[in-house]
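Each position in the sequence shown, counted from 1, maps to that position plus 39 in this note's numbering.
One structure is given here, and the rest of the page talks about it.
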Amino acid sequence: MEPFVPKHGPRPAMVTPVCRYSPTGHQENDCAATAAWHVMWDGDRDHSFTCETHMDLIRRRWMYDDRHPVSPDCGMPGALWLYTEQRCGFPDESDRTDVATLAATLLAAGTETP
Ligand SMILES: [Zn+2]
Ligand SMILES: [Zn+2]
Numbered sequence: 040m041e042p043f044v045p046k047h048g049p050r051p052a053m054v055t056p057v058c059r060y061s062p063t064g065h066q067e068n069d070c071a072a073t074a075a076w077h078v079m080w081d082g083d084r085d086h087s088f089t090c091e092t093h094m095d096l097i098r099r100r101w102m103y104d105d106r107h108p109v110s111p112d113c114g115m116p117g118a119l120w121l122y123t124e125q126r127c128g129f130p131d132e133s134d135r136t137d138v139a140t141l142a143a144t145l146l147a148a149g150t151e152t153p
């Protein structure tokens, strides 16, 4: 029997993050320029994307916890904020179980059910 793993549907195409700064606070007035920076506001979950111009404004006006240049992983579901590496990503990538091992585990689990 060939090894297999369950599959979800394909990932949606990556949407380029845009700046969400709005001078009025209303969504229809969003800047919407391509984001250059990913800003973490409170070290918990409140983060946002901003363009070069509004990053300058942020630095002059507000306190933030951390920032890094936007990278493809910033918009990926489940990507974590990696402070020391100055990016978003998946820190456990190296010890993630490989597909063959996972398939073997699933097959073994399957044979145990009555
Ligand atoms: Zn902007
Ligand atoms: Zn990021």
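The beta-carbon is built from N, C-alpha and C at its ideal position, and this holds for glycine as well.
It is roughly 12 Å from the alpha-carbon of residue 55 to the alpha-carbon of residue 89. Within the stretch 62–122, the alpha helix (DSSP H) runs of at least 4 residues that lie entirely inside it are, in chain order, 91–100. With a cutoff of 7 Å, residue 127 counts as near ligand 2, since its C-beta is closer than that to a heavy atom of the ligand. Measuring C-alpha to C-alpha distances from residue 60 to each of 95, 147 and 113 identifies 95 as the nearest. In this structure, residue 89 has its beta carbon less than 7 Å from a heavy atom of ligand 1. Cβ-Cβ distances below 6 Å link residue 107 to 77, 125 and 126 in the same chain, with the five nearest sequence neighbours on each side left out; the list follows chain order. Annotation for residue 127: the continuous beta strand (DSSP E) segment containing it runs 126–128. Of 45, 147, 111 and 121, the smallest CA-CA separation from residue 79 is found for 121. In this structure, residue 74 sits near residue 57, with a CB-CB distance shorter than 8 Å. Distance from the Cα of residue 97 is smallest, within the candidate group 148, 112, 62 and 114, for 62. The C-alpha of residue 143 lies about 46 Å from the C-alpha of residue 103.
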